[in-house]
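As structure tokens, the structure follows; a few thoughts come after it.
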Amino acid sequence: MTTSNILTAELVRRADSEHGDSTIERLVIQYGTQFGIDRPKGMRLGPAKNCFWNSYNGAGKHDGVLYVEGFAMVRGYPPIHHAWISLDGIQAIDLTLRDRASDTEFYGIPFSISLATEELMASGATLPLFSLSKPISHLHALAEKAGSGFEKRPSASR
Numbered sequence: 812m813t814t815s816n817i818l819t820a821e822l823v824r825r826a827d828s829e830h831g832d833s834t835i836e837r838l839v840i841q842y843g844t845q846f847g848i849d850r851p852k853g854m855r856l857g858p859a860k861n862c863f864w865n866s867y868n869g870a871g872k873h874d875g876v877l878y879v880e881g882f883a884m885v886r887g888y889p890p891i892h893h894a895w896i897s898l899d900g901i902q903a904i905d906l907t908l909r910d911r912a913s914d915t916e917f918y919g920i921p922f923s924i925s926l927a928t929e930e931l932m933a934s935g936a937t938l939p940l941f942s943l944s945k946p947i948s949h950l951h952a953l954a955e956k957a958g959s960g961f962e963k964r965p966s967a968s969r
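According to my numbering, the sequence shown is numbered sequentially starting from 812.
And the structure:
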């Protein structure tokens with residue numbers, strides 16, 4: 812298995828697991844896509860362990876930048892629920908993790924900043940957008956709405 816398939820395989824394994832709640836993993840596999848990695852110069856890292864806010868804030872500073880929520884996995888560690896930004900819906904720009912980009916994989920669902928803001932205002936919730944405190948039907952509707960604005964690329968087969 813290549814490095815780029817390890818995160819996908821782990822998400823599928825977790826989604827199929829009988830242990831714990833794998834709702835978010837299932838959503839990300841169904842509606843998300845794998846991202847490549849980009850670290851353009853001039854993108855400043857935000858505070859550690861604050862990925863959702865760092866990414867939401869970063870996406871809001873520039874027109875057309877996407878807020879992406881899903882999972883990241885640094886080589887040798889389990890996947891974590893995570894957020895990053897993307898300029899094109901293909902390459903991940905992480906504003907939080909300090910690990911080498913070549914050691915990190917990303918799989919997530921891109922949101923326009925307007926949709927992310929609309930969700931936060933309507934739900935009265937805080938980040939992350941995908942939270943188990945929300946009804947699963949709402950999470951599916953949100954993922955579908957996010958995906959309707961972007962062309963779906965090939966992703967994990969189940």
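Even for Gly, the Cβ is constructed at its ideal location relative to N, Cα and C.
As computed with DSSP, Y878 is found in a beta bridge with I896, F922. In the three-state reduction of the DSSP assignment, I947 falls in the helix class. Below 8 Å, enough C-beta pairs join the stretch 834-842 and the stretch 936-952 to call them touching: three or more. Residue environment for H873: exposed (fewer than 16 other C-beta atoms within 10 angstroms of its C-beta). Between the alpha carbons of A903 and I817 lies a gap of roughly 17 Å. The stretch 853-869 makes contact with the stretch 892-908; the number of CB pairs closer than 8 Å reaches 3 or more.
Taking a cut-off of 8 Å for Cβ pairs, the stretch 930-937 and the stretch 884-892 do not touch, as fewer than three such pairs fall below it.
Beta-bridge analysis with DSSP links A883 to I891, F917. Annotation: the continuous alpha helix (DSSP H) that includes F863 extends over 862-871. C-alpha of D849 to C-alpha of A912: approximately 8 Å in a straight line. A direct Cα-to-Cα measurement between I901 and V879 gives close to 10 Å. Here the alpha carbons of F922 and F846 stand approximately 14 Å from one another. Residue pairing of T844 in beta bridges, as defined by DSSP: G919. For I904, DSSP records a beta bridge to I896. Taken through DSSP and simplified to helix, strand or coil, T928 comes out as helix.
The distance from the Cβ of E836 to that of M884 is about 12 Å, inconsistent with a contact at the 8 Å cut-off.
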